Amino acid sequence: MPPKKKSTTRRRRGNRTPTNRRRSTLDEDANTVVSVEEADERSNSAPKGCTDTELLAAVTPFVEKLEKTTLEQFKEEYAALKAIPLSEATFTAFEANRPKNRYTDQFCIDQTRVKLTFNVPPDSDYIHANHVNVEGHSYNMICTQGPVQSSVADFWRMVYQEKCFAIVMLCKFIEGKRPKCEPYYPDEAGKIETYGPLMVRHGGPAPGSDRSYEKLVLDVGRVGEPFVPEHTVILVSYDKWPDKSVPTSSMALHRVLRFLRTQAKDKTIVVHCSAGVGRTGTFAALSVVESRISEKKAFDVFEIVKNLRQKRFNSVQTEIQYLFIHKAIADYLNAKKIRTDKFNAMYFAHTRGQPITEG
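Residue 64 in my numbering sits at position 64 of the sequence shown, and the numbers go up by one each step.
Written as structure tokens, this is what we have:
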């Protein structure tokens with residue numbers, strides 16, 4: 001009898017490549033053709049149709065609106081969002097720290113920016129990041145750009161200062177041969193790297209890792225010998241959100257959000273992609289909506305996105321991202337036996353093999 005083959009597991013490693021700053025994001029995010037997969041989480045024990053009357057009361061206004069809104073009306077809604085001016089927003093710190101900004105056309109709002117205090121001076125208090133806290137949300141959120149080479153140490157100063165529970169990374173370091181994010185953590189378990197006044201140790205996979213996304217443990221501490229970890233952060237990496245597109249399924253995002261709802265209560269998380277507005281803003285909007293649904297509270301997607309855009313410039317960057325928020329919510333409700341057949345058919349017809357244009 002032949003011997004059994006030993007199973008091997010290949011470790012994914014981050015590629016260390018220099019980050020060249022792009023000068024604009026007009027061609028950056030989600031506005032190309034996608035396909036839609038069936039939701040892959042269904043409760044076999046649930047009855048036909050949702051019987052939770054409190055939940056139904058909370059989501060019925062959304063479902064009724066969803067089922068009767070046409071594609072053109074969704075486009076008009078998004079156009080209306082883009083036309084809303086920022087109320088009294090200024091960008092003074094952004095202008096004064098241009099080398100630390102990944103893009104010249106994605107501003108950082110002074111009124112909500114994260115002000116660094118750790119190691120200031122000699123370091124600057126600036127990072128391209130904004131607090132997007134929403135009243136009643138179960139955890140605090142910071143939305144930020146993917147670090148550039150000159151801001152990696154600032155990124156870790158922020159994580160350390162804010163005692164962040166998790167970092168949600170929604171991009172790859174390289175996408176389509178273009179650098180989107182400077183590698184900012186050690187690429188092997190056990191390895192320690194120094195970033196400015198802090199050291200970071202790769203602690204290996206986090207307990208309870210999910211097959212649809214990667215979860216790592218990163219330990220942070222001030223520079224010194226020996227390394228003494230003072231704070232632990234979980235890196236949640238979801239890299240199946242393609243550049244210039246949207247995910248073909250929303251279920252992995254729902255799993256990430258469920259992990260955060262159950263583990264990050266009253267804590268702070270950092271969310272980033274490349275610019276920190278498109279994929280990041282879409283994720284933040286979904287986070288708020290799903291928290292409301294879990295608490296059986298009504299919600300208004302337009303108002304949620306409007307609020308986010310007042311705190312993080314250009315959040316939910318394109319029309320298809322706005323539409324995808326509704327599709328992801330529909331998937332979430334479908335898994336709870338709440339049907340949205342008309343919207344699902346419209347979304348599928350719009351995205352399957354059809355060009356998607358920016359609103």
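Idealized CB from N, CA, C, for every residue including glycine.
Bear in mind that the values here come from a model prediction, so they are computed numbers and not experimental data.
Asked                                                                                                                                                                    : Found
Could you spell out where the beta strand (DSSP E) holding Gly221 opens and where it closes?                                                                             : Glu214 to Arg222
If you count every other CB in all the chains shown that lies within 10 Å of the CB of Ala330, and 16 or more means buried, which is it?                                 : buried
Hey, how far is the Cα of Lys68 from the Cα of Thr351?                                                                                                                   : 18 Å
Under 8 Å, with one C-beta from each stretch per pair, do the stretch 178-196 and the stretch 140-158 reach the 3-pair mark?                                             : yes
Please report the Cβ distance between Ile234 and Ala206, rounded to the nearest whole angstrom; I am assuming they are in contact, meaning their Cβ atoms lie under 8 Å. : 5 Å
Between the alpha carbons of Val63 and Gly196, how many angstroms are there, rounded?                                                                                    : 49 Å
Report the option in Pro247, Lys265 and Lys306 whose CA atom is closest to the CA atom of Arg279.                                                                        : Pro247
Please give me, in chain order, every unbroken run of the alpha helix (DSSP H) with length at least 4 that falls completely inside the stretch 231-282.                  : 251-263
How would you write the range of the alpha helix (DSSP H) that Val59 sits in, first residue to last?                                                                     : Thr53 to Lys68
Which one of Ile304, Val217 and Gly49 has the shortest CA to CA distance from Glu135?                                                                                    : Ile304
Is the distance from the Cβ of Tyr126 to the Cβ of Asn97 below 7 Å?                                                                                                      : yes
Comparing C-alpha positions only, which one of Arg157, Glu77 and Arg339 sits nearest to Val270?                                                                          : Arg157
Kindly indicate which three-state DSSP category Leu198 falls into: helix, strand or coil?                                                                                : strand
Who are the near neighbours of Lys342 in its chain, counting only those whose CB is closer than 6 Å to its CB and skipping five residues on each side?                   : Glu67
Among residues of its own chain, excluding the 5 on either side of Ser294, which ones have a beta-carbon nearer than 7 Å to its beta-carbon?                             : Arg261
Name, in chain order, the residues that DSSP records as bridge partners for Thr144.                                                                                      : Ala129 and His272
Give me the residue from Ser245, Phe259, His254 and Ser250 with the minimum Cα distance to Ser209.                                                                       : Phe259
Tell me whether Arg312 is buried or exposed, calling it buried when 16 or more other Cβ atoms sit within 10 Å of its Cβ.                                                 : buried
Using the beta-carbon count (16 or more within 10 Å), is Glu37 buried or exposed?                                                                                        : Here the model assigns Glu37 a pLDDT of 32, short of 50, so the residue's position is not dependable, and the following value carries that caveat. Flag for Glu37 reads exposed.
Would you list the residues sitting across from Pro226 in a DSSP beta bridge?                                                                                            : Beta-bridge pairing links Pro226 to no other residue.
When the distance is taken between beta carbons, is Ile338 closer than 7 Å to Val301?                                                                                    : no
Can the beta-carbon of Thr282 be found closer than 7 Å to that of Gln321?                                                                                                : yes
Taking buried to mean at least 16 other C-beta atoms within 10 Å of its own C-beta, is Asp27 buried or exposed?                                                          : Low confidence applies here, because Asp27 scores a pLDDT of 38, under 50, leaving its location unreliable; read the following figure in that light. It is exposed - the Cβ of Asp27 has fewer than 16 other Cβ atoms within 10 Å.
For Gly190, tell me which candidate among Ala166, Tyr238 and Phe227 has the shortest Cα-Cα distance.                                                                     : Phe227
According to DSSP, simplified to helix, strand and coil, what is Arg113?                                                                                                 : strand
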